[in-house]
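A.B. asks: Provided herewith is a single structure, encoded as C-alpha cells, for subsequent inquiry.
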Amino acid sequence: MDFDFNLILVPLTIGLGIVWLLDKLALKQRKTRGRGQESLLVRWAYDFFPVLAVVLIVRSFLIEPFNIPSSSMVPTLYTGDFIAVNKYAYGVRLPLTYNKVLDTGEPEHGDVVVFRYPENPSIYYIKRLIGLPGDTVSYNQGTISINDVPVETTPVDFSANAELTSQLYLPGQMGPGEVLTEESAAAMGQQEEGAAQYFQETQGENQHLVRYLKGMNSAQYAPFLQQESPEVVSSEGTEWRIKVPEGHYFVMGDNRDRSADGRFWGFVPDENLAGKAVYIWMHKPPGLNLPTFERNGTID
C-alpha cells in the first residue's frame with residue numbers, strides 16, 4: 019500500500035521543532051523583530067511545526083489513513099477504497115524505529131491487519147490474519163484448518179457490484195499479451211467474476227466473505243510452500259500444512275486465488291505490525307472520477 023509517509027513527516031517535524039525551540043530559547047527573532055519579520059526558516063517553524071506535530075501524533079499513535087491499490091482483499095476491500103487503521107490496536111510503537119513502548123492489545127484470528135511487507139519494509143500490505151504464533155495452519159479440500167480445527171466455511175450466493183467488478187483490473191496493467199485499456203480492463207474483471215465462488219468464513223468473532231476462482235489455485239506453486247523448512251510441515255498439490263513460529267503471524271488475502279500473501283513469502287514478524295483496519299471512509303474509482311461514500315462502513 020502507501021509509501022511510509024513518516025519517513026518524510028518525522029524528520030521534517032523534528033527539524034522545524036528544533037528551529038522553533040532555538041528561537042524560543044536563544045534566537046528570539048519573533049520576540050525581537052515581530053511576527054512576519056523573522057527569517058523564512060523561523061517563520062516556517064512557527065507556522066508549520068504545531069500542525070505537523072499534531073499530524074504526526076495522530077498518524078503514529080491513533081488513526082492513519084491508507085488506500086487500497088490492489089484486489090487481493092476482494093470482496094472485503096476493493097481497489098480505490100480509502101481506509102482508517104487503528105494504530106494502537108496491537109501496541110503503541112515509535113515512528114521509524116517501530117519499537118513497542120506500550121502493550122494495548124494482541125491480534126486475533128480473522129483481523130484485517132496492516133503491516134510492513136517483510137521483504138520490503140518501506141511499503142505496507144494489508145491481509146487477513148489466519149495464524150497466530152504457535153498455530154498449525156493447513157489447507158485441505160478447500161477448507162482451512164487452524165490447529166486441526168476446520169474454519170467454519172459456508173458457500174454463499176453473493177452478487178458483486180458490477181461497477182466494482184469492472185475495477186478488478188486497472189487500465190495500464192499488463193493483460194495477456196497487451197496493455198489493458200479501460201474497456202479491456204473492465205471486460206477482464208467481468209469475465210473473471212463469472213468464475214468466482216464466495217464463501218463465508220467464521221474465525222472467532224470475525225465473520226467475513228472470501229473469494230475463490232473455479233479451476234484456479236494460485237498457491238499451488240507458491241514459493242514459500244514449496245521450500246524445505248521446519249515451518250512448512252507438508253505441501254503437495256493444493257494441500258499444505260505449516261507451523262507459525264513464535265513472534266510471527268500468517269496472513270492471507272480474502273481474494274484467495276489472486277493474493278500474493280504468506281503462502282508466497284512466509285510470515286509477518288510481530289514488529290512489522292502497523293495496526294488493524296477498521297473503517298472504509300471513501301472510495302475513489304480509477305481515472306478522472308469523483309470519490310464516493312457508498313462503501314463507507316466498518317471492516318469485517
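Each residue of the sequence shown is one higher than the one before, starting from 19 at the first, in this note's numbering.
Every residue, glycine too, gets a C-beta built ideally from N, C-alpha and C.
1. What are the boundary residues of the alpha helix (DSSP H) that includes Asp99?
2. Using only the alpha-carbon positions, how far apart do Lys46 and Ile75 sit?
3. Hey, Val103 and Val132: beta-carbon distance below 7 Å or not?
4. Which residues share a DSSP beta bridge with Ile75?
5. For Gly128, write down the residues that DSSP places opposite it in a beta bridge.
6. How far does the alpha helix (DSSP H) with Pro83 in it extend, from its first residue to its last?
7. Answer yes or no: do Gly128 and Gly222 have a C-beta to C-beta separation smaller than 7 Å?
8. Sorted by chain position, which residues of the same chain lie with C-beta nearer than 8 Å to Ile81's C-beta, five sequence neighbours on each side aside?
9. In terms of alpha-carbon separation, which member of Pro68, Leu182, Met234, His301 lies closest to Ala205?
10. Put Tyr108 into one of helix, strand or coil per three-state DSSP.
11. Are the CB atoms of Arg313 and Ser156 within a distance shorter than 7 Å?
12. Between the C-alpha atoms of Arg146 and Val269, what's the straight-line distance to the nearest angstrom?
13. Going along the chain, which unbroken runs of the alpha helix (DSSP H) with 4 or more residues stay wholly within the segment 34-76?
14. For Ala180, which residues of its own chain have a beta-carbon under 8 Å away from its beta-carbon, when the five flanking residues on both sides are left out?
15. Which of helix, strand or coil does DSSP assign to Ala295?
16. Report the rounded CA-to-CA distance for Ser236 versus Ala278, giving the unit in angstroms.
17. For Ile36, count neighbouring Cβ atoms within 10 angstroms of its own Cβ and tell me buried if that reaches 16, exposed if not.
C.D. replies: Checking against the coordinates, here is how it stands:
1. By 1-based counting over the sequence shown, the position of residue 99 is 81. Here Asp99 belongs to no alpha helix (DSSP H); instead the beta strand (DSSP E) covers 99-104.
2. Along the sequence shown, read from residue 1 onward, the residue named residue 46 stands at position 28. Along the sequence shown, read from residue 1 onward, the residue named residue 75 stands at position 57. Their backbone Cα atoms lie some 27 Å apart in a straight line.
3. Here residue 103 refers to the residue found at position 85 of the sequence shown. Here residue 132 refers to the residue found at position 114 of the sequence shown. Yes, they are a contact pair.
4. As a working mapping, residue 75 is identified with position 57 in the sequence shown. In DSSP, Ile75 forms no bridge with anything.
5. Here residue 128 corresponds to residue number 110 of the sequence shown, with the count starting at 1. DSSP, once it has assigned bridges, lists no residue as partnering Gly128.
6. Walking along the sequence shown from the start, residue 83 turns up at place 65. Run containing Pro83: none in the alpha helix (DSSP H); it sits in the beta strand (DSSP E), 81-85.
7. On the sequence shown, position 110 is the one that residue 128 refers to. On the sequence shown, position 204 is the one that residue 222 refers to. Contact: yes.
8. Numbered from its first residue, the sequence shown carries residue 81 at position 63. Only Ala102, Val103, Asn104, Lys105 meet the Cβ criterion.
9. Walking along the sequence shown from the start, residue 205 turns up at place 187. The shortest Cα separation from Ala205 among Pro68, Leu182, Met234, His301 belongs to Leu182.
10. Looking up residue 108 in the sequence shown gives position 90. In the structure shown, Tyr108 sits in coil (DSSP, three-state: anything other than H, G, I, E or B).
11. Within the sequence shown, residue 156 is the residue found at index 138, counting from 1. Within the sequence shown, residue 313 is the residue found at index 295, counting from 1. Not closer than 7 Å, so no.
12. For the purposes of this step, residue 146 is taken as the residue at position 128 of the sequence shown. For the purposes of this step, residue 269 is taken as the residue at position 251 of the sequence shown. So the two alpha carbons sit approximately 5 Å from each other.
13. 47-51
14. Taking the first residue of the sequence shown as position 1, residue 180 is located at position 162. Gln208.
15. Residue numbering aside, residue 295 sits at position 277 when the sequence shown is read from its first letter. The answer is strand: DSSP assigns Ala295 an E or B state.
16. Numbered from its first residue, the sequence shown carries residue 236 at position 218. Numbered from its first residue, the sequence shown carries residue 278 at position 260. In a straight line, the C-alpha of Ser236 is about 9 Å away from that of Ala278.
17. Translated into positions along the sequence shown, residue 36 becomes position 18. Residue environment analysis places Ile36 among the exposed positions, since fewer than 16 neighbouring C-beta atoms fall within 10 angstroms of its C-beta.
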